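**Q**
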Amino acid sequence: MKKVLIALTWMFCISSDLKAVHIAQNHVGQVLIYPYYTVNNGLNTTYSVVNTTEHAKAIKINFYEAANGRNALSFNVYLSSFDVWTGVLTSVISELENHIGEASITHLTADTSCAPFLRKAGREFSPEYLSGDSNTNMSRLREGHFVVLEMGKATSYESNTYFFTDHGSTGIPSACNELVAAWENDQFAYAGEISAPQGGLLGTASLVDVAEGVSFSYDALALENFWQGDVVHTAPDNPEPDLSFAMLESKILMPNGDVVVSNWDSGFEAVSAVLMQTKIYNEFVLDRLINAQTEWVVTMPTKYFHTNFDLPQEGRFPFSSEWNGMNSCDEFSATVWDREEQVEVPFICTVSVCPEEPPTPTFCKTSNVIEFHLDDVDTSGSSQILGTSDKITIQSPQFSHATESGWARFNFSNENNVLNSTNDHIYKGLPVVGFVVQKYFNANAQPGLLAKYGGLFVHSGSLLVESEE
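Quick note: the sequence shown uses our numbering, first residue 3, plus one each step.
#1: Let me check one thing: in DSSP terms, what residues is residue 31 bridge-paired to?
#2: Would you kindly work out how many angstroms separate the C-alpha atoms of residue 103 and residue 430, rounded to a whole number?
#3: Can you tell me which of 34, 173, 443 and 428 puts its alpha carbon nearest to the alpha carbon of residue 224?
#4: Could you tell me the boundaries of the alpha helix (DSSP H) in which residue 178 lies?
#5: To the nearest angstrom, how far is it from the Cα of residue 84 to the Cα of residue 52?
#6: Does DSSP put residue 195 in a helix, in a strand, or in coil?
#7: Between which residues of its own chain and residue 185 is the CB-CB distance below 7 Å, once the five residues before and five after are set aside?
#8: In whole angstroms, what separates the C-alpha of residue 365 from that of residue 415?
#9: Closest to residue 132 by C-alpha separation, out of 328, 334 and 249, would be which residue?
#10: Is there contact between the stretch 285–304 and the stretch 48–62, where contact requires at least three CB pairs shorter than 8 Å?
#11: Have a look at the DSSP bridge pairing and note the partners of residue 490.
#12: Under the three-state reduction of DSSP, which class applies to residue 16: helix, strand or coil?
#13: For a minimum of 3 consecutive residues, which ranges assigned as the beta strand (DSSP E) are wholly contained in the stretch 70–123?
#14: Is residue 382 closer than 8 Å to residue 427 when the C-beta atoms are compared?
#15: Could you tell me the alpha carbon to alpha carbon distance between residue 207 and residue 149, rounded to whole angstroms?
#16: Residue 340: buried (16+ other C-beta within 10 angstroms of its C-beta) or exposed?
#17: Would you report the Cα separation of residue 387 and residue 74, rounded to the nearest angstrom?
#18: How many Å lie between residue 4 and residue 392 at the Cα?
#19: Which residue comes first and which comes last in the beta strand (DSSP E) that contains residue 53?
#20: Leaving out five residues on either side along the sequence, give the residues of the same chain with a beta carbon under 6 Å from the beta carbon of residue 15.
#21: Excluding five sequence neighbours on each side, which residues of the same chain lie with their C-beta closer than 6 Å to the C-beta of residue 113?
#22: Going straight from the alpha carbon of residue 441 to that of residue 92, what length do you get?
#23: Please work out which residues of its chain come closer than 6 Å, Cβ to Cβ, to residue 362, disregarding the five sequence neighbours upstream and downstream, and give them in chain order.
#24: Can you have a look at residue 1 and say buried or exposed, based on whether 16 or more other CB atoms are within 10 angstroms of its CB?
#25: Between residue 177 and residue 165, which are expected to be in contact by the criterion C-beta below 8 Å, what is the C-beta distance as a whole number of angstroms?
#26: Give the straight-line distance between the Cα atoms of residue 1 and residue 107, rounded to the nearest whole angstrom.
#27: Report yes if the CB atom of residue 348 is closer than 8 Å to the CB atom of residue 295, and no otherwise.
#28: Taking buried to mean at least 16 other C-beta atoms within 10 Å of its own C-beta, is residue 71 buried or exposed?
#29: How would you call residue 311, buried or exposed, if buried means at least 16 neighbouring beta carbons within 10 angstroms?
#30: Among the candidates 244, 289, 153 and 421, whose CA atom is the shortest distance from the CA of residue 278?
#31: Could you tell me how far apart the beta carbons of residue 42 and residue 390 are, in whole angstroms, since I believe they sit closer than 8 Å?
#32: Which one or two residues does DSSP pair with residue 279 in a beta bridge?
#33: Classify residue 76 as buried or exposed, calling it buried when 16 or more other Cβ atoms lie within 10 Å of its own Cβ.
#34: Please report the distance separating the alpha-carbon of residue 288 from that of residue 406.
#35: Locate the beta strand (DSSP E) running through residue 337, then write down its first and last residues.
#36: Just the C-alpha distance for residue 253 and residue 80, rounded to the nearest angstrom, thanks.
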């Protein structure tokens with residue numbers, strides 16, 4: 003057995019002519035993964051998708067709720083050359099049948115790009131795919147992650163599709179109504195005008211606290227060489243394509259410059275492989291002087307595909323259990339260091355009020371929020387920054403001589419946290435993406451100054467791959 007430790011962040015580039023799905027170093031690709039959205043705690047989520055190419059594109063935008071990664075909203079957007087699509091998610095009280103009065107979420111946009119059948123003035127998320135679960139309340143949809151996939155590009159500048167999307171000198175598509183009409187029978191009337199995806203998408207998102215004057219912004223993670231070459235151009239309300247449509251090969255870059263290429267039985271396994279981490283690292287800031295707060299986001303974009311289809315145990319790997327209608331949990335461990343080398347195994351609990359003897363910590367959702375606290379701070383209620391009620395709490399430091407800030411490492415070493423390729427590569431860990439958000443308020447600043455700040459920092463991590471010799 004040969005073991006190779008691969009120190010990765012989610013920003014490495016793969017320099018190889020071999021076509022296989024991988025993470026794009028320059029954040030530009032065919033598929034974009036946005037690790038987190040929320041409208042809890044007075045936050046709005048704004049986002050953008052940029053077409054950096056001269057070709058018109060058909061893209062799919064899919065939003066997934068945090069608990070199980072169920073689809074909450076899907077639609078198509080037709081981008082003209084060098085076009086940008088923007089949208090915002092905000093809180094709303096539901097007006098949907100059987101959910102009237104529940105706290106919900108809506109999508110708004112003032113963008114002129116063509117999005118057939120999307121109500122731009124406000125499209126509430128849908129509970130359709132929550133049926134059968136114990137929790138079908140609209141509040142479940144208020145946080146999660148989302149994915150943008152390029153489905154194809156216009157074959158030529160003379161095509162109807164290119165002409166219909168073109169904004170010209172007015173800033174408005176020349177014939178969006180024609181694209182709407184083209185989908186009236188759920189079969190795109192100009193299918194021959196869409197060719198294989200080219201790439202060239204980039205995206206950003208911001209979690210905006212309007213009342214506090216703070217924003218947390220991040221770049222979407224980009225996947226390149228995602229497609230096997232076929233055009234998958236579906237109707238606007240169809241939740242496919244998704245991450246399971248990836249090609250069956252993945253590749254990652256090792257520190258010595260070698261490329262690890264793995265083969266898989268399914269596309270979602272290939273995506274899981276490029277997202278796998280054995281450990282993740284980041285910092286926390288809890289200084290009382292600046293009223294600092296810290297929360298981590300850990301999202302597993304492919305978890306839904308591994309845990310929802312009555313797969314045998316080996317099919318669920320690298321996850322431990324299937325979705326049971328309430329959760330699907332994987333144990334993890336954490337180690338915390340302060341800024342002066344003091345180390346501890348922190349007090350962790352996964353309920354709003356921590357018991358005296360907390361259980362082994364687990365990630366039970368697709369998108370998980372971990373709130374850091376000082377040892378003497380009340381941990382009840384929703385998280386202070388992102389407002390999630392279903393949070394994980396870490397209380398640290400627990401010794402008096404420690405500094406109030408430091409860094410932490412999460413370890414994913416459960417015996418089930420393995421992913422086996424068909425060419426005998428064994429990946430250890432979990433397929434995760436995410437970041438830390440930090441918020442500060444300096445009450446000692448000069449009078450009259452708005453001394454509120456926010457920061458967002460992407461997790462770093464490492465991956466262990468074993469290869470049979």
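We put the beta carbon where it would ideally sit given N, CA and C, even for glycine.
All figures in this text were calculated on a predicted structure; none of them were measured in a lab.
**A** By the coordinates alone:
#1: Here the question's residue 31 lines up with position 29 in the sequence shown. Beta-bridge pairing links residue 31 to 203.
#2: By one-based count along the sequence shown, residue 103 stands at place 101. By one-based count along the sequence shown, residue 430 stands at place 428. About 44 Å.
#3: Within the sequence shown, numbered from 1, the residue matching residue 224 stands at position 222. Selected option, being the one with the closest Cα: 34.
#4: On the sequence shown, position 176 is the one that residue 178 refers to. Where residue 178 is concerned, the enclosing alpha helix (DSSP H) stretches over 178–184.
#5: In the sequence shown, residue 84 corresponds to position 82, counting from 1. In the sequence shown, residue 52 corresponds to position 50, counting from 1. Straight-line spacing of the CA atoms in residue 84 and residue 52 works out to 7 Å.
#6: Mapped onto the sequence shown, residue 195 falls at position 193. Looking at residue 195 - three-state DSSP - the assignment turns out to be helix.
#7: Position 183 of the sequence shown, counted from the first residue, corresponds to residue 185. Taken in chain order, the residues that qualify are 118, 237 and 238.
#8: The count along the sequence shown starts at 1 and reaches residue 365 at position 363. The count along the sequence shown starts at 1 and reaches residue 415 at position 413. Cα to Cα, residue 365 sits roughly 13 Å from residue 415.
#9: Numbered from 1 along the sequence shown, position 130 holds the residue referred to as residue 132. It is 328.
#10: no
#11: In the structure as shown, the chain begins at 3 and stops at 471. Residue 490 is therefore absent and cannot be evaluated.
#12: Taking the sequence shown and counting its residues from 1, one reaches residue 16 at position 14. Residue confidence for residue 16 is low, a pLDDT of 40 falling below 50, so the modelled location carries little weight; the figure read from the coordinates is stated next. Three-state result, residue 16: coil.
#13: Whole beta strand (DSSP E) segments, 3+ residues: 73–81, 86–95 and 105–110.
#14: Taking the first residue of the sequence shown as position 1, residue 427 is located at position 425. Taking the first residue of the sequence shown as position 1, residue 382 is located at position 380. Their beta carbons are not under 8 Å apart, which means residue 427 does not touch residue 382 by this criterion.
#15: On the sequence shown, position 205 is the one that residue 207 refers to. On the sequence shown, position 147 is the one that residue 149 refers to. C-alpha separation (whole angstroms): 12 Å.
#16: For the purposes of this step, residue 340 is taken as the residue at position 338 of the sequence shown. Classification for residue 340: buried.
#17: Sequence index remark: in the sequence shown, residue 387 carries index 385 (1-based). Sequence index remark: in the sequence shown, residue 74 carries index 72 (1-based). Each residue's Cα considered, the two are about 23 Å apart.
#18: Along the sequence shown, one-based indexing puts residue 4 at 2. Along the sequence shown, one-based indexing puts residue 392 at 390. Its pLDDT being 48, under 50, residue 4 is placed unreliably in this model, and the value from its coordinates should be taken loosely. Approximately 40 Å between the Cα atoms of the pair.
#19: Stepping through the sequence shown from its first residue, residue 53 is reached at position 51. Unbroken beta strand (DSSP E) run through residue 53: 45–53.
#20: Counting from one through the sequence shown, the residue named residue 15 turns up at place 13. For residue 15, the predicted structure reports a pLDDT of 39, less than 50, and the residue's modelled location is therefore unreliable. A value from the coordinates is still provided. Excluding sequence neighbours, residue 15 sits near 27.
#21: Numbered from 1 along the sequence shown, position 111 holds the residue referred to as residue 113. So the qualifying residues of the chain are 87 and 88.
#22: Residue numbering aside, residue 441 sits at position 439 when the sequence shown is read from its first letter. Residue numbering aside, residue 92 sits at position 90 when the sequence shown is read from its first letter. Roughly 21 Å separates the two Cα atoms.
#23: Counted from its first residue, the sequence shown places residue 362 at position 360. Hits under 6 Å: 333.
#24: The chain is shown only over 3 to 471; residue 1 falls outside these bounds and no answer can be derived.
#25: As a working mapping, residue 177 is identified with position 175 in the sequence shown. As a working mapping, residue 165 is identified with position 163 in the sequence shown. At roughly 7 Å, the Cβ-Cβ gap stays under 8 Å, so residue 177 and residue 165 are in contact.
#26: This structure leaves residue 1 out entirely; the chain is present only between 3 and 471.
#27: Here residue 348 is taken as the residue at index 346 of the sequence shown, counted from 1. Here residue 295 is taken as the residue at index 293 of the sequence shown, counted from 1. Result no, Cβ atoms of residue 348 and residue 295 do not sit closer than 8 Å.
#28: Indexing the sequence shown from 1 puts residue 71 at position 69. Answer is buried; the Cβ neighbour count reaches 16.
#29: On the sequence shown, position 309 is the one that residue 311 refers to. Its Cβ having fewer than 16 others within 10 Å, residue 311 is exposed.
#30: Walking along the sequence shown from the start, residue 278 turns up at place 276. Comparing Cα-Cα distances from residue 278 to each of 244, 289, 153 and 421, the minimum goes to 421.
#31: In the sequence shown, residue 42 corresponds to position 40, counting from 1. In the sequence shown, residue 390 corresponds to position 388, counting from 1. About 6 Å separates the two Cβ atoms, so the contact holds.
#32: As a first step, residue 279 must be located in the sequence shown, where it is residue number 277. Per DSSP, 432.
#33: By one-based count along the sequence shown, residue 76 stands at place 74. Under the 10 Å beta carbon count, residue 76 is surrounded by 16 or more other beta carbons and is classified as buried.
#34: Sequence index remark: in the sequence shown, residue 288 carries index 286 (1-based). Sequence index remark: in the sequence shown, residue 406 carries index 404 (1-based). Each residue's Cα considered, the two are about 5 Å apart.
#35: The sequence position of residue 337 within the sequence shown is 335, counting from 1. Element bounds for residue 337: 335–340.
#36: Here residue 253 is taken as the residue at index 251 of the sequence shown, counted from 1. Here residue 80 is taken as the residue at index 78 of the sequence shown, counted from 1. Approximately 30 Å between the Cα atoms of the pair.
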